[in-house]
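Visitor:
Protein chains in written order, with my numbering: chain A, 5 to 324; chain B, 2 to 261.
Here it is, written out as structure tokens:
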């Protein structure tokens with residue numbers, strides 16, 4: 005399921021990453037199966053339950069894994085073989101391993117020097133300050149909390165100002181304030197024209213990255229695009245709608261009798277939740293029913309156009 | 002600290018060298034190197050104090066049987082296999098691999114970093130043991146330092162590659178050393194040609210004073226017969242060639258394998 009990008013996200017129609025019929029197998033296990041998609045500047049959330057193939061896809065995107073079939077191109081180059089392509093990419097891997105005996109500054113400085121930056125020391129300091137870490141800390145990374153280590157990982161990924169940034173579960177271990185800071189940083193990078201791919205399985209965080217998602221399920225592409233648009237394309241999945249009115253029971257019974265809805269649940273004296281496949285017809289019908297019954301309608305609101313509902317539908321299939 | 006550290010990391014190759022060396026300088030490896038130095042000094046003193054009439058031959062025998070056959074390969078294994086092996090193990094290799102640095106630079110600097118540590122940790126104590134144990138023969142010292150350096154050059158290349166190939170590099174390396182280098186290759190013939198330790202040992206034999214060599218022949222003619230089959234050219238060329246091939250294979254492996 006693919007929908008056109010929403011305005012402002014991504015910002016440019018340019019394709020920065022192209023995944024062409026990529027599959028990856030480990031022995032008999034197929035982690036990613038026949039995946040074709042593109043990434044453009046802006047923030048894209050890579051979603052999927054554990055084992056869906058998110059980390060494998062990120063590793064394929066940056067060249068850490070060789071595809072069993074298909075190919076990955078970043079700005080037209082192969083990240084596995086092209087140093088120039090790799091210089092445009094920053095990665096925050098999921099694994100915790102780092103150069104534990106180095107300080108945060110040394111870690112980021114080495115990354116900057118390996119990226120052949122002219123003013124590596126200044127850029128390393130700035131990258132650390134971007135993630136709110138003190139460059140002059142003398143403690144080694146081994147002595148850091150998980151959240152601090154995570155921030156060092158982000159700093160080393162940003163130090164060379166890459167055009168593509170891939171972050172595998174980057175918010176793990178961060179406190180709420182740091183999470184907010186990181187989310188705002190990723191959104192800022194996206195709005196500056198960088199291609200930011202953030203993998204996560206925590207949906208309420210992902211919603212804050214923006215609305216552009218790539219959903220993986222069992223190694224396959226389940227959906228890509230704006231998740232609200234994806235929801236609207238799920239024609240075979242009844243939309244859940246909450247109606248607040250002054251006689252919920254009567255309205256519910258009349259809606260069921262009219263055939264406009266497939267399911268009715270009165271959840272309070274003034275609230276009824278319904279499921280309908282045809283939202284447009286339902287809205288017209290509801291207005292005339294309320295008019296006929298002389299019922300005051302105070303609210304009609306969709307209750308399943310959030311990311312979690314979309315995600316559950318795509319990954320688990322239609323609700324029964 | 003920062004200025005010196007920054008200067009030591011001023012180019013990608015220097016930064017890698019600095020990084021690999023920092024990673025290698027663990028307390029365990031330092032203790033092992035210090036313990037081996039201590040053992041060499043003690044044994045040097047023991048040889049000196051012993052009633053043997055041939056301290057030079059005993060010292061050379063010590064370098065051949067303990068130094069070149071055991072200490073150098075085992076210490077090289079411990080140090081070199083962990084240069085890249087530890088980074089694969091803790092999955093931090095990705096931070097190097099993702100940078101626009103050639104795989105050959107990574108492989109060469111990893112090998113040089115292991116040389117930085119293994120050379121002084123083997124050449125100094127073994128030469129010191131000869132200084133203490135022998136009749137202070139300068140040729141003997143040079144022969145010891147030279148042959149040990151040749152062995153370190155080859156083993157460091159081999160075990161740097163091994164550390165990248167397998168997470169059980171220590172076990173695989175020890176099995177290789179004990180089965181192939183210590184037993185099969187010492188039988189002589191074709192197996193000896195395929196043994197690394199034969200070549201530095203052959204260099205040792207050709208570099209020690211003729212007088213010491215003749216006395217050694219009286220004590221251990223079989224070993225000398227195998228070692229003298231190797232030409233001086235082979236003794237000088239094979240260890241660096243082994244290192245070169247292994248460093249090349251390390252670079253190839255870095256380019257082709259999946260990176261943890």
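For glycine and all other residues, C-beta sits at the position ideal for the given N, C-alpha and C.
1) Is it true that the CB of residue 58 of chain A sits closer than 8 Å to the CB of residue 178 of chain A?
2) Tell me the DSSP bridge mates of residue 216 of chain A?
3) For residue 277 of chain A, which beta-bridge partners are listed by DSSP?
4) Along the chain, where does the alpha helix (DSSP H) containing residue 57 of chain B start, and where does it finish?
5) Does the pairing of the stretch 22-31 of chain A with the stretch 62-71 of chain A give three or more beta-carbon distances under 8 Å?
6) Looking at the structure shown, is residue 168 of chain A part of a helix, part of a strand, or coil, going by DSSP?
7) Write down the C-beta distance between residue 202 of chain B and residue 186 of chain B rounded to the nearest angstrom, noting that I regard them as a contact closer than 8 Å.
8) I'd like the span of the alpha helix (DSSP H) that includes residue 126 of chain B, first residue to last.
9) Alpha carbon to alpha carbon, how far is residue 301 of chain A from residue 248 of chain A? Give it in angstroms, no decimals.
10) Which residue marks the beginning of the beta strand (DSSP E) containing residue 38 of chain A, and which one marks its end?
11) Measuring straight from C-alpha to C-alpha, what distance separates residue 21 of chain B and residue 74 of chain B?
12) Comparing the C-beta of residue 154 of chain A with each C-beta of chain B, is any distance below 8 Å?
13) Which residue wins for smallest C-alpha separation from residue 66 of chain B, given the options B:44, B:14, B:9?
14) Could you check what DSSP says for residue 87 of chain B in three-state terms: helix, strand or coil?
15) Quick check on residue 103 of chain A - is its C-beta less than 8 Å from some C-beta in chain B?
16) CB-CB under 7 Å to residue 15 of chain B, same chain, minus the five flanking residues each way: which ones, in chain order?
17) Figure out for me which residue from A:194, A:111, A:23 has the closest Cα to the Cα of residue 216 of chain A.
18) State yes or no: is the C-beta of residue 92 of chain A nearer than 7 Å to some heavy atom of the ligand NAD?
19) Report the partner residues of residue 153 of chain A according to the DSSP bridge assignment.
20) Looking at the secondary structure, which residues open and close the alpha helix (DSSP H) in which residue 224 of chain B lies?
21) Quick one: does residue 119 of chain B have its CB under 8 Å from some CB of chain A?
22) Assuming residue 127 of chain B and residue 135 of chain B form a contact by the criterion Cβ under 8 Å, report the distance between their Cβ atoms to the nearest whole angstrom.
23) With DSSP run on the structure shown, which of helix, strand or coil describes residue 75 of chain A?
24) Nearest to residue 68 of chain B by CA position, among B:42, B:171, B:243, B:95, is which residue?
25) Kindly indicate which three-state DSSP category residue 140 of chain A falls into: helix, strand or coil?
26) Could you check whether the Cβ of residue 174 of chain A sits closer than 8 Å to any Cβ belonging to chain B?
27) So does the stretch 226-242 of chain B actually touch the stretch 165-184 of chain B, counting three or more Cβ pairs closer than 8 Å?
28) Which of helix, strand or coil does DSSP assign to residue 58 of chain A?
29) Considering only their Cβ atoms, is the gap separating residue 201 of chain A from residue 167 of chain A smaller than 8 Å?
30) Kindly indicate the opening and closing residues of the beta strand (DSSP E) around residue 302 of chain A.
31) Per DSSP, what kind of secondary structure is residue 263 of chain A in: helix, strand or coil?
32) Using the three-state DSSP reduction, which class does residue 22 of chain A fall into: helix, strand or coil?
33) In its own chain, which residues sit with a C-beta less than 6 Å from the C-beta of residue 146 of chain A, not counting the 5 before and 5 after it?
34) Taking only beta-carbon positions, decide if residue 79 of chain B is within less than 8 Å of chain A.
35) Which one or two residues does DSSP pair with residue 204 of chain A in a beta bridge?
36) Using a Cβ-Cβ cut-off of 8 Å, state whether residue 95 of chain A counts as contacting chain B.
Guide: According to the data block:
1) The answer is no: Cβ separation not under 8 Å.
2) Answer by DSSP bridge pairing, in chain order: A:230.
3) As computed with DSSP, residue 277 of chain A is found in a beta bridge with A:246, A:269.
4) Residues 56-63.
5) These segments touch.
6) It is a strand residue.
7) That belief does not hold up - the Cβ atoms of residue 202 of chain B and residue 186 of chain B are roughly 10 Å apart, past 8 Å.
8) In this chain, the alpha helix (DSSP H) harbouring residue 126 of chain B covers 104-134.
9) In this model, residue 248 of chain A and residue 301 of chain A are separated by some 6 Å (Cα to Cα).
10) Counting along the chain, the unbroken beta strand (DSSP E) around residue 38 of chain A starts and ends at 33-43.
11) Using only the alpha carbons, I get a separation of about 20 Å.
12) Cβ-Cβ to chain B under 8 Å: no for residue 154 of chain A.
13) The shortest Cα separation from residue 66 of chain B among B:44, B:14, B:9 belongs to B:44.
14) Residue state, collapsed to three classes: helix.
15) Closer than 8 Å to some Cβ of chain B, the Cβ of residue 103 of chain A qualifies, so yes.
16) If the five residues before and after residue 15 of chain B are omitted, its C-beta is found closer than 7 Å to the C-beta atoms of 9, all from its own chain and listed in chain order.
17) Ranking the options by Cα distance to residue 216 of chain A, first place goes to A:194.
18) What this structure holds is no ligand at all, so the ligand NAD is not there to describe.
19) In the DSSP output, where bridge partners are listed per residue, residue 153 of chain A has none listed.
20) Counting along the chain, the alpha helix (DSSP H) containing residue 224 of chain B begins and ends at 222-229.
21) Not closer than 8 Å to any Cβ of chain A, the Cβ of residue 119 of chain B fails to qualify, so no.
22) Contact between residue 127 of chain B and residue 135 of chain B fails: their C-beta atoms lie close to 12 Å from each other, not under 8 Å.
23) Three-state result, residue 75 of chain A: strand.
24) Scanning B:42, B:171, B:243, B:95 for the CA closest to the CA of residue 68 of chain B turns up B:42.
25) Under the three-state reduction of DSSP, residue 140 of chain A is assigned to coil, being neither helix nor strand.
26) Not one chain B Cβ lies under 8 Å of residue 174 of chain A.
27) Verdict: no, contact absent.
28) Assigned with DSSP and collapsed to three states, residue 58 of chain A falls in helix.
29) When the beta-carbon positions are compared, residue 167 of chain A and residue 201 of chain A stay at least 8 Å from each other.
30) In the DSSP assignment, residue 302 of chain A falls within the unbroken beta strand (DSSP E) covering 301-306.
31) When secondary structure is reduced to three states using DSSP, residue 263 of chain A falls in the coil class, being assigned neither helix nor strand.
32) Residue state, collapsed to three classes: strand.
33) Once the five neighbours on either side are set aside, the close Cβ partners of residue 146 of chain A are 104.
34) Residue 79 of chain B does not count as touching chain A.
35) For residue 204 of chain A, which the question treats as bridged, DSSP gives the partners A:51.
36) Taking 8 Å as the threshold, the shortest C-beta distance from residue 95 of chain A to chain B falls below it.
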